[in-house]
Amino acid sequence: MALTHGRYRSRGSGRRPAATIGIGVAAGVTAAAGLRFGRKAATISKIGKGHPLKHRALDLAAGAMQPKYPLDAMSTYLNGFHMYADDMGRQVEATHFCIHLRHDLHQCVIFDRNAPDARLIGIEYIISEQRFRSLPDDEKRLWHSHHYEVSSGSLTAPGIPDMAEHAYFEDLVTTYGKTFHTWQYDRDDFPYGIPQLMMGFTEDGQAAEEMIQARDRKLGLSTSHKRQNRADIPVPEVAPGANAWESGRTVQTRLEEMDFKR
Numbered sequence: 115m116a117l118t119h120g121r122y123r124s125r126g127s128g129r130r131p132a133a134t135i136g137i138g139v140a141a142g143v144t145a146a147a148g149l150r151f152g153r154k155a156a157t158i159s160k161i162g163k164g165h166p167l168k169h170r171a172l173d174l175a176a177g178a179m180q181p182k183y184p185l186d187a188m189s190t191y192l193n194g195f196h197m198y199a200d201d202m203g204r205q206v207e208a209t210h211f212c213i214h215l216r217h218d219l220h221q222c223v224i225f226d227r228n229a230p231d232a233r234l235i236g237i238e239y240i241i242s243e244q245r246f247r248s249l250p251d252d253e254k255r256l257w258h259s260h261h262y263e264v265s266s267g268s269l270t271a272p273g274i275p276d277m278a279e280h281a282y283f284e285d286l287v288t289t290y291g292k293t294f295h296t297w298q299y300d301r302d303d304f305p306y307g308i309p310q311l312m313m314g315f316t317e318d319g320q321a322a323e324e325m326i327q328a329r330d331r332k333l334g335l336s337t338s339h340k341r342q343n344r345a346d347i348p349v350p351e352v353a354p355g356a357n358a359w360e361s362g363r364t365v366q367t368r369l370e371e372m373d374f375k376r
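Counting from 115, one number per residue, gives the positions in the sequence shown under the working numbering.
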């Protein structure tokens, strides 16, 4: 059914604008969906304020009734911190939702926080050490290690019992990540600009302590406790080529004008 505003569905008596009919149908569907998916419907209805009623109604119906297989498969929730690859002074909290896609590959979407109206700020790919060592040297410059993030307790799996989290991070401590943020939310209230390469911290004193403490208070956890709990996790040497910024030189994305190929 077309939702053309101001167009009439018929010329007979009792005619109503098609847009009104569309809203009514959508509202009926979403009402049924809300009964079945009450909690999800209530969450969706809280966001999108300012949009036309028909858009909000259709969003609600879609959220409750359409399968979202890639999203449903992202079962792992991680919270940590990133810095811009060319500026350690720019540090941001990053909420990851990940799927273990293959034995040597995770893929994650990143938000600024874990909330219904969270801003989508980037992506991260996580690979095994074996896969990282096989990469070309130029590619390795885009990747960072997770050794310190795990051992320091700064990378967490909120809500997971210590024993289960410990087992998960025994594997994650040897991995490497490639991260691009598409929204510089520490600077802009809109996703301006091009994706920026991000890196992870590699030693004490790099991440701002007030940022870590604010995260801990918000999520009700203790980074220092997690650090102590992971003290027995073996931490191997970082493979050459990762954390390229430590050399004093780094790479970052930029726009480049070029001829269009026809």
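A virtual CB, placed ideally from N, CA and C, is assigned to each residue, including glycine.
None of the values given here were measured: they were computed from a predicted structure.
CB of asparagine 357 within 8 Å of CB of methionine 313, strictly: yes
Please report the straight-line C-alpha distance between proline 309 and tyrosine 299, rounded to a whole angstrom. 12 Å
To test your reading of the DSSP string, which unbroken beta strand (DSSP E) runs of 3 or more residues are found completely within the segment 271-302? 290-295
Tell me where the alpha helix (DSSP H) around phenylalanine 246 begins and ends. 243-247
Since I believe glycine 291 is in contact with isoleucine 237 (beta carbons under 8 Å), could you give me their beta-carbon distance rounded to a whole number of angstroms? In fact, because the Cβ distance is near 10 Å, the residues do not count as touching under 8 Å.
Ordered along the chain, which non-local residues of its own chain (more than five positions away) have a Cβ less than 6 Å from that of asparagine 193? Thr209, Thr270 and Pro272
Can you tell me which residues form a DSSP beta bridge with phenylalanine 225? Thr209 and Leu234
DSSP on alanine 145, reduced to helix/strand/coil? With a pLDDT of only 44 at alanine 145, under 50, the local geometry of the prediction cannot be trusted, and the value read off the model is given with reservation. It is helical.
Please work out which residues of its chain come closer than 6 Å, Cβ to Cβ, to glutamine 366, disregarding the five sequence neighbours upstream and downstream, and give them in chain order. Ala199, Asp200 and Leu311
8 Å Cβ cutoff, histidine 196 in contact with chain B: The structure shown contains no chain B; it is built from a single protein chain.
Assigned exposure category for glutamine 205 - 16 Cβ within 10 Å defines buried: buried
What are the boundary residues of the beta strand (DSSP E) that threonine 190 is part of? 190-198
Is isoleucine 347 closer than 8 Å to glutamate 284 when the C-beta atoms are compared? yes
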